[in-house]
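S.K.: Which chain is which? The protein sequence lines are A and B, in order.
Using our numbering, the first residue of the first sequence is number 1, and each one after it goes up by one.
Using our numbering, the first residue of the second sequence is number 1, and each one after it goes up by one.
Can you read through this structure? Questions will come right after.
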Amino acid sequence: MKFWKRLMCTARRKSPWLFHMNAGSCNGCDIEIVAALAPRYDAEQLGVLLQGSPRHADILVVTGPVTRTAVGAVKTVYDQVCGPKAVVAIGSCPATTNVFIDSRTLVGPLDKHVPVDVYVPGCPPRPDAIVAGVVKAATILAERGSDPPTPEMVIVETPGEVQP
Amino acid sequence: MNPLLTALARFLIFPGLLFAVPAAWFFLWVERKAVALMQERVGPPFMQPFWDFVKLLGKATPPRPGIAGFIMRAWPLIAVSSAAGAVGLLPVLPASGGFEGDLILLLALLELPSMCIIAAGFSSRSIFGEIGSAREAALSVSYNIVFLLAIVSIAASQHTFRLEALASMHPSFLTVLGIIAILACLPAKLHINPFSLPNAEQEIYAGPMTEYAGPELAMWELSHGLEWVAATGLVATLIAPHLALAWGTSLLAGCIFVALSVAVVLLLSVLAAATARLAIDSSVRFYWQCTLIFAVLAVSSALIVRFWL
Chain A
1 MKFWKRLMCT ARRKSPWLFH MNAGSCNGCD IEIVAALAPR YDAEQLGVLL
51 QGSPRHADIL VVTGPVTRTA VGAVKTVYDQ VCGPKAVVAI GSCPATTNVF
101 IDSRTLVGPL DKHVPVDVYV PGCPPRPDAI VAGVVKAATI LAERGSDPPT
151 PEMVIVETPG EVQP
Chain B
1 MNPLLTALAR FLIFPGLLFA VPAAWFFLWV ERKAVALMQE RVGPPFMQPF
51 WDFVKLLGKA TPPRPGIAGF IMRAWPLIAV SSAAGAVGLL PVLPASGGFE
101 GDLILLLALL ELPSMCIIAA GFSSRSIFGE IGSAREAALS VSYNIVFLLA
151 IVSIAASQHT FRLEALASMH PSFLTVLGII AILACLPAKL HINPFSLPNA
201 EQEIYAGPMT EYAGPELAMW ELSHGLEWVA ATGLVATLIA PHLALAWGTS
251 LLAGCIFVAL SVAVVLLLSV LAAATARLAI DSSVRFYWQC TLIFAVLAVS
301 SALIVRFWL
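Shown next as structure tokens:
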């Protein structure tokens, strides 16, 4: 039993499958997510795969400040992801709603609606920061196992050059 | 040796489950790695398909109540068992006796996973699953004609449907033509580019597998891997006699079988990385207009050689 638990922990750490959810993003972060999967950063060498269906995913990757029209979809998709699952907020928008703060079309930030595990700040964040955030989320997922999520905030420091 | 024991050993050890499951993971890795290398990426680590499988086993599945849920859960299991059965039937080790299936049984078992995918997409009641299933059905009607004609031409040129006889057949021009036609059908059978449209990633979410999660999805992955082993293994057993090999020792036969299978996997992966996804009308036209002519030529010349010469 202990062996199976350790094996499952390793498997969860080594095989994070993503579902990418755009919650009103300007597409800047989405392009950086694609860059993280493309040849230069190649997240697949860490086992990361972008999945088409939320049912297949372990990690929900959300971009955008959560607009009024998107909030229902975010909650639905979060429920569709089968446990154990983790949520990564990509960019400053889902973390703080960024420059759109106080806009009446927004109901963000993201953590008002779903529990967020890892924040990757930046506008947009660099691809290596996104990869680091996903790996961090996979580690949290592996340690947490099948238990319900506990609120703890992890912020990924942007490695390398800091962008405004 | 006891025939029942031999048959069991074939199904459970080689080329059956004990060999086929690691081989399925290995082939899935080879495919992903080859595509990554073609795209100048590093690609997944060696153990990746195994880790994916274990992780999927540990995930939750949404509740599926009632008989519809039961049926939906049953499809991946049927697909895995039929694909494993197809691998177990492959005549890799010469003259070992036991249960001897024939080519028709092998073809039926090879076809079952694809049928299960179609049924699974419709029984999941997801709109994306239904689109994927419809595409799979249309594609299946197209490539199976060519696939079956190619098999018939090989069988007719050898005057037999027995697998053991086909594994030790005399090479001829007709069988080469048949093998090429089978190779042309494999990308569609394995759902890889340029015929990846049934499970077109991102485009229609995940096609027939959209609603599947956790252990059920793990079974689908495993059945896909086993299909790789069975389909490439079929080609490998048909090519092997053409290399005029000494079929004396079982070990050598096994090694050659594995090497040929890996070569076919590499060939298909390179094709998958080099091409883009075709639309449904182009795919169907490819099989009905371009490939069918060669398959008909092969089967008619085989019949002419059989009956008139």
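Glycine included, every Cβ here is placed at the ideal spot set by N, Cα and C.
Could you compute how far the alpha carbon of L49(A) sits from the alpha carbon of F19(B)?
M.R.: For the purposes of this step, residue 49(A) is taken as the residue at position 49 of the first sequence. For the purposes of this step, residue 19(B) is taken as the residue at position 19 of the second sequence. When rounded, the distance between both Cα atoms is 27 Å.
S.K.: Kindly list, in the order they appear in chain A, the residues whose Cβ is closer than 8 Å to that of G225(B).
M.R.: As a first step, residue 225(B) is located in the second sequence; it is residue number 225 there, counting from the start. None at all; the shortest Cβ gap to chain A is about 15 Å.
S.K.: For M1(A), count neighbouring C-beta atoms within 10 Å of its own C-beta (all shown protein chains included) and say buried if the count is 16 or more, exposed if not.
M.R.: What you label residue 1(A) is simply residue 1 of the first sequence in a count that begins at 1. Exposed, because fewer than 16 other Cβ atoms sit within 10 Å of the Cβ of M1(A).
S.K.: Using a C-beta to C-beta distance shorter than 8 Å, which residues of chain B count as neighbours of D42(A)?
M.R.: Within the first sequence, residue 42(A) is the residue found at index 42, counting from 1. The answer, in chain order, is A36, R41, V42, G43.
S.K.: Is there a Cβ from chain A that is less than 8 Å from the Cβ of G58(B)?
M.R.: Translated into positions along the second sequence, residue 58(B) becomes position 58. Yes, G58(B) lies at the interface with chain A (some Cβ there is under 8 Å from its Cβ).
S.K.: Determine the burial state of C93(A): buried for a count of at least 16 other Cβ atoms within 10 Å of its Cβ, exposed for fewer.
M.R.: Residue numbering aside, residue 93(A) sits at position 93 when the first sequence is read from its first letter. Its Cβ being crowded by 16 or more others within 10 Å, C93(A) is buried.
S.K.: Just the C-alpha distance for G47(A) and R73(B), rounded to the nearest angstrom, thanks.
M.R.: Along the first sequence, read from residue 1 onward, the residue named residue 47(A) stands at position 47. Along the second sequence, read from residue 1 onward, the residue named residue 73(B) stands at position 73. Roughly 27 Å separates the two Cα atoms.
S.K.: Tell me whether the beta-carbon of I90(A) lies closer than 8 Å to the beta-carbon of V116(A).
M.R.: Walking along the first sequence from the start, residue 90(A) turns up at place 90. Walking along the first sequence from the start, residue 116(A) turns up at place 116. In terms of Cβ geometry, I90(A) and V116(A) do not form a close pair [threshold 8 Å].
S.K.: Which word fits H170(B), buried or exposed, when buried means at least 16 other C-beta atoms lie within 10 angstroms of its C-beta?
M.R.: Along the second sequence, read from residue 1 onward, the residue named residue 170(B) stands at position 170. Exposed, since its Cβ has fewer than 16 Cβ neighbours within 10 Å.
S.K.: Whose Cβ in chain A lies nearer than 8 Å to the Cβ of L217(B)?
M.R.: Within the second sequence, numbered from 1, the residue matching residue 217(B) stands at position 217. What L217(B) touches in chain A: R55, H56.
S.K.: C82(A) touches chain B at which residues, Cβ-Cβ below 7 Å?
M.R.: Your numbering for residue 82(A) matches position 82 in the first sequence. By Cβ distance, chain B contributes K59, A60, T61, P62, A213, G214.
S.K.: Our contact map puts V114(A) next to G133(A) with C-beta atoms below 8 Å; I'd like the distance itself, whole angstroms only.
M.R.: Your numbering for residue 114(A) matches position 114 in the first sequence. Your numbering for residue 133(A) matches position 133 in the first sequence. The distance from the Cβ of V114(A) to that of G133(A) is about 16 Å, inconsistent with a contact at the 8 Å cut-off.
S.K.: Report, in whole angstroms, the separation of the C-beta atoms of D102(B) and R162(B), which I expect to be a contact under 8 Å.
M.R.: Sequence index remark: in the second sequence, residue 102(B) carries index 102 (1-based). Sequence index remark: in the second sequence, residue 162(B) carries index 162 (1-based). The pair is a contact, with the Cβ atoms about 6 Å apart (cut-off 8 Å).
S.K.: Give the residues of chain B in contact with I1(A), contact being defined as C-beta atoms less than 8 Å apart.
M.R.: The residue labelled residue 1(A) in the question sits at position 1 within the first sequence. Note that residue 1(A) corresponds to Met in the displayed sequence, not to Ile. Per Cβ cutoff of 8 Å: no residues; M1(A) is ~13 Å from chain B at best.
S.K.: I31(A) by DSSP, collapsed to three states: which one?
M.R.: Here residue 31(A) is taken as the residue at index 31 of the first sequence, counted from 1. Three-state result, I31(A): helix.
S.K.: Alpha carbon to alpha carbon, how far is L149(B) from S168(B)?
M.R.: Locating residue 149(B) in the second sequence gives position 149, where the first residue counts as 1. Locating residue 168(B) in the second sequence gives position 168, where the first residue counts as 1. Taking the straight line joining both Cα atoms gives about 21 Å.
S.K.: Decide if the region 220 to 240 of chain B is in contact with the region 173 to 183 of chain B; the criterion is three or more beta carbon pairs, one per stretch, under 8 Å apart.
M.R.: At 8 Å Cβ cutoff, the stretches touch.
S.K.: Quick check on the DSSP output: what are the complete beta strand (DSSP E) runs of length 3 or more inside the region 52 to 126 of chain A, in order along the chain?
M.R.: 59 to 63, 86 to 90, 118 to 120
S.K.: My output table needs one value for D42(A): the three-state DSSP class, helix, strand or coil.
M.R.: Along the first sequence, one-based indexing puts residue 42(A) at 42. In the structure shown, D42(A) sits in coil (DSSP, three-state: anything other than H, G, I, E or B).
S.K.: Just reading off the alpha helix (DSSP H) that M169(B) is part of, what are its end residues?
M.R.: Locating residue 169(B) in the second sequence gives position 169, where the first residue counts as 1. Where M169(B) is concerned, there is no enclosing alpha helix (DSSP H), given that its DSSP letter is neither H nor E.
S.K.: In its own chain, which residues sit with a C-beta less than 8 Å from the C-beta of I31(A), not counting the 5 before and 5 after it?
M.R.: Along the first sequence, one-based indexing puts residue 31(A) at 31. Closer than 8 Å at the Cβ level, and outside the excluded window around I31(A), lie P124.
S.K.: Check whether the Cβ atoms of A174(A) and A137(A) sit closer than 8 Å, and answer yes or no.
M.R.: It is not possible to answer for residue 174(A), since the shown part of chain A is limited to 1 through 164.
S.K.: So if I threshold CB-CB distances at 7 Å, which residues from the region 17 to 47 of chain A count as touching chain B?
M.R.: P39, D42, E44, Q45, G47
S.K.: Over what stretch of residues does the alpha helix (DSSP H) that includes M21(A) continue unbroken?
M.R.: Taking the first residue of the first sequence as position 1, residue 21(A) is located at position 21. That residue, M21(A), is in no alpha helix (DSSP H); its beta strand (DSSP E) goes 17 to 22.
S.K.: Please report the Cβ distance between S196(B) and R277(B), rounded to the nearest whole angstrom; I am assuming they are in contact, meaning their Cβ atoms lie under 8 Å.
M.R.: Along the second sequence, read from residue 1 onward, the residue named residue 196(B) stands at position 196. Along the second sequence, read from residue 1 onward, the residue named residue 277(B) stands at position 277. Contact flag correct, Cβ pair sits at about 5 Å.
S.K.: Could you tell me the alpha carbon to alpha carbon distance between L17(B) and G88(B), rounded to whole angstroms?
M.R.: The sequence position of residue 17(B) within the second sequence is 17, counting from 1. The sequence position of residue 88(B) within the second sequence is 88, counting from 1. Cα-Cα distance, rounded: 7 Å.
S.K.: Following the continuous alpha helix (DSSP H) through A11(A), name the residue where it begins and the one where it ends.
M.R.: Locating residue 11(A) in the first sequence gives position 11, counting from the first residue. Note, A11(A): alpha helix (DSSP H), 2 to 14.
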